[in-house]
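Just add 10 to the spot in the first sequence (first one is 1) and you have the working numbering. Report on the structure given below.
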Amino acid sequence: MLIYNSPRGTSDYYGEDIKYIDFITDTAKNIFKIYNYKEIITPHFEHTEVFTRSIGENSEIVQKEMFTFPDKKGRSLTLRPEGTASVVRAIVEHKLYGENLPLKLFYIGDMFRYERPQKGRMREFRQVGIEAIGSDGPSIDAEVIWMINNFFKNLGFKNLLLYVNSIGCRECREKYIEILEDYLKPFGKDLCHDCVNRLDKNTLRVFDCKTSGCKKILENAPKISNYLCRKCEIHLRKVFGLLKVLDIPYVHAENLVRGFDYYTRTIFEVISTDIDSAQNALGGGGRYDNLIEEFGGPKISSIGFATGLERTMLLMKDLDIDIEEPGKNQKKIYVINMSADFDEYLFGILKFFRQNKIICDTNFNIKNVSKEIKWAQAQGYSHIVVIGENEVDTNKLIIKDLDNYTQTELNWINEKSRLLKLLR
RNA sequence: GUGAGAAUAGCUCAGGCGGUAGAGCGCAGGUCUGUGGAACCUGAAGUCGCGGGUUCGAAUCCCGUUUCUCACCCCA
């Protein structure tokens, strides 16, 4: 009888899921290495302020989605809802910016957000993310997008759409927000309840509104692209120019804004056009030019990106994207023991195989041989060996190749090299 | 946080307007005492998510609860 479920919004992963998770993380590590990124591991919880200050007091995440708890001495701690804040905290704490910049880091780990769960949206979920610290030029933006694009390509995705926008630097954004507010205020009660709130606290986020009334009003709203300062304008154009050189399809999404306060200038999202769901965003990121300074570090600019592991996995399954399992073509031997009387002999063989790094297993419960063979085939073993009276008496083994329907008989004591050649 | 639907065997699901719990796949055994993906036969497995209520009797009706799913919200 089931007494406990895993808590709401958490999940156990095993079997097939592990293959996907390994494939996604291995693919990420391989591609990040090619672009010279190094791994960083940070704690799963931080002082609450690390998140409230960076993500923003008025953001959804801080307002209602954080797992915050006091420790035994009453200090407020929070399970990380995203990766960037922790990485930046670590960089400033250890003065990692003292190295040759940009400092390129990646992380893979669990994040926590107290939300109403849905498919592809969990309370505990994994993110794969990167941060490039210490370059304010558009070329690093383009390289980050380039790498992300390659990451999804290597996973096997085809129909991806890249949304790119600039929300300007602190100065031009502030000016733009004033202009936007002037435009929106006269509409007053025509705006939905949420947007009235946003107008007050986080004006840019009105662009996330999905109500048709607000959407209509926003159609004619002033676009930030017309109000970027000269430097921000040049920056964005250069990013677009480099994306064209790289042949990466993108859309200038002028209504794209993002949920964290720390973003400046370039922001982007990767969307799958193959999936018709609210959870179609595979990942997102952007530039944050002030965050390191706000954490007590020097004034250096950075850019980062994060993608959801579970969401990526779900989408790969939905789209029937095959994964290359590492070692899929490696030979695997199933040794069928016919009787517990031969256990000593069997263990001698298993010991020899395993010392020689041959993947093998055996039946620990004695069963009908033909059923064992069927099972071994279904499990993807490449060879079987049966241990019975004949083998024990003569040291001869019959190696059956399950893929080619062939079999080889040899004396495994006298012909060890021949045996190994066959199985490696 | 709001609204809606769902939960039955390991898996996918049927059934049900109250009267002994079903199928397919999988699992186990056999036909078959040592060799191929098959076929056939047999079998095990469930307090019908959990708790309470109504009733002679609840998997079925009612209430609560947990989890999942969907739409909001937001995001990965």
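Idealized CB from N, CA, C, for every residue including glycine.
Does the distance from the C-beta atom of Ile143 to that of Tyr193 stay below 8 Å? No, they are not a contact pair.
Based on DSSP bridge pairs, tell me the residues matched to Ala142. DSSP output for Ala142 lists Lys114 and Ile313 as bridge partner(s).
Where Thr274 falls, given that 16 or more other Cβ within 10 Å makes a residue buried: By the beta-carbon neighbour count (other beta carbons within 10 angstroms, threshold 16), Thr274 is buried.
Quickly, what does DSSP pair Asn421 with across the bridge? List them, please. According to DSSP, which records beta bridges pairwise, Asn421 is partnered with Lys406.
Rounded to a whole number of angstroms, what is the C-alpha to C-alpha distance between Glu188 and Cys182? For Glu188 and Cys182, the distance between alpha carbons rounds to 10 Å.
Using only CA atoms, which one of Tyr173, Lys309 and Ile313 lies nearest to Phe250? For Phe250, the closest of Tyr173, Lys309 and Ile313 by C-alpha to C-alpha distance is Tyr173.
Please state whether the Cβ-Cβ distance between Gly390 and Gln137 is less than 8 Å. In this structure, the beta-carbon distance from Gly390 to Gln137 does not fall below 8 Å.
Counting pairs of beta carbons, one from the segment 73-93 and one from the segment 301-312, are three or more of them closer than 8 Å? The segment 73-93, when compared against the segment 301-312, does not touch it at the 8 Å Cβ threshold.
Could you name the residues of the same chain whose beta carbon sits closer than 8 Å to that of Cys370, not counting the 5 residues immediately before and after it, in chain order? Correct list, in chain order: Lys342, Ile343, Tyr344, Val345, Leu360, Phe363 and Arg364.
Going by the DSSP bridge assignment, what does Lys48 pair with across the sheet? Looking at the DSSP assignment, Lys48 forms a beta bridge with Leu115.
Where does Leu368 fall in DSSP's three states? One point to set straight first is that residue 368 is Ile, not Leu, in the sequence displayed. Coil at Ile368, not helix or strand.
Would you kindly report the start and end of the unbroken beta strand (DSSP E) that includes Pro80? Note, Pro80: beta strand (DSSP E), Thr78 to Pro80.
Helix, strand or coil at Gly108 according to DSSP, with G and I counted as helix: Annotated three-state conformation of Gly108 is helix, per DSSP.
Which of the three DSSP states is assigned to Gln470 in this structure? Outside the displayed range of the chain (11 to 434) lies residue 470, so it cannot be described from this structure.
What's the C-alpha gap between Leu329 and Asp284? Straight through space, the alpha carbons of Asp284 and Leu329 are spaced by roughly 8 Å.
Among residues of its own chain, excluding the 5 on either side of Phe61, which ones have a beta-carbon nearer than 6 Å to its beta-carbon? If you ignore the 5 residues before and after Phe61, its C-beta comes within less than 6 Å of the C-beta of Thr88 and Ala95, all in its own chain and listed in chain order.
Using three-state DSSP, classify Asp411 as helix, strand or coil. Strand, per DSSP.
Assuming the contact rule is C-beta atoms closer than 8 Å, Glu401 and Leu407 should be a hit. Round their C-beta distance to whole Å, please. Rounded to whole angstroms, the Cβ separation of Glu401 and Leu407 is 6 Å, and the two are in contact under 8 Å.
Reference Leu115; option with closest CA among Gly198, Glu49, Pro308 and Leu292: The closest CA to that of Leu115, considering only Gly198, Glu49, Pro308 and Leu292, is found on Glu49.
Is it true that the CB of Gln417 sits closer than 8 Å to the CB of Lys426? No, the Cβ-Cβ distance between Lys426 and Gln417 is not below 8 Å.
For Gln389, does the three-state DSSP call read helix, strand or coil? Coil.
Put Met348 into one of helix, strand or coil per three-state DSSP. Coil at Met348, not helix or strand.
Alpha-carbon spacing of His262 relative to Asn175, whole angstroms: Each residue's Cα considered, the two are about 6 Å apart.
I need the DSSP call for Asp330, collapsed to helix, strand or coil. It is coil, neither helix nor strand.
So, helix, strand or coil for Val267, using DSSP? It is coil, neither helix nor strand.
Element boundaries [alpha helix (DSSP H), containing His245]: DSSP places His245 inside the alpha helix (DSSP H), whose first and last residues are Arg240 to Val255.
Here's the rule: buried if 16 or more other CB atoms are within 10 angstroms of the residue's CB, otherwise exposed. What is Thr322? Answer is buried; the Cβ neighbour count reaches 16.
Between which two residues does the alpha helix (DSSP H) carrying Arg428 extend? Counting along the chain, the alpha helix (DSSP H) containing Arg428 begins and ends at Lys426 to Leu433.
Take the Cβ of Asp353 as the centre, count every other Cβ of all protein chains shown within 10 Å, and call the residue buried at 16 or more, exposed below. That one is exposed.
So, at 6 Å on beta carbons, what are the nonlocal neighbours of Ile71 in its own chain, with the 5 sequence-adjacent residues on each side left out? Once the five neighbours on either side are set aside, the close Cβ partners of Ile71 are Ile65 and Pro91.
In this structure, does DSSP put Ala291 in helix, strand or coil? In the three-state reduction of the DSSP assignment, Ala291 falls in the strand class.
On a Cα-Cα basis, can you pick out the residue from Val216, Phe135 and Met121 that is closest to Leu228? Ranked by Cα distance from Leu228, the first of Val216, Phe135 and Met121 is Val216.
Give the single residue among His203, Asn236, Gly19 and Lys211 whose Cα lies nearest to the Cα of Lys220. That would be His203, whose Cα lies nearest to the Cα of Lys220.
With burial defined as no fewer than 16 other Cβ atoms inside 10 Å of the residue's Cβ, what is the status of Phe167: buried or exposed? Classification of Phe167: buried, given that the 10 Å Cβ count is 16 or more.
Do you know offhand how far Leu256's Cα is from Glu419's? Each residue's Cα considered, the two are about 56 Å apart.
First and last residue of the uninterrupted alpha helix (DSSP H) at Val60: Per DSSP, Val60 belongs to the alpha helix (DSSP H) from Thr58 to Ile65.
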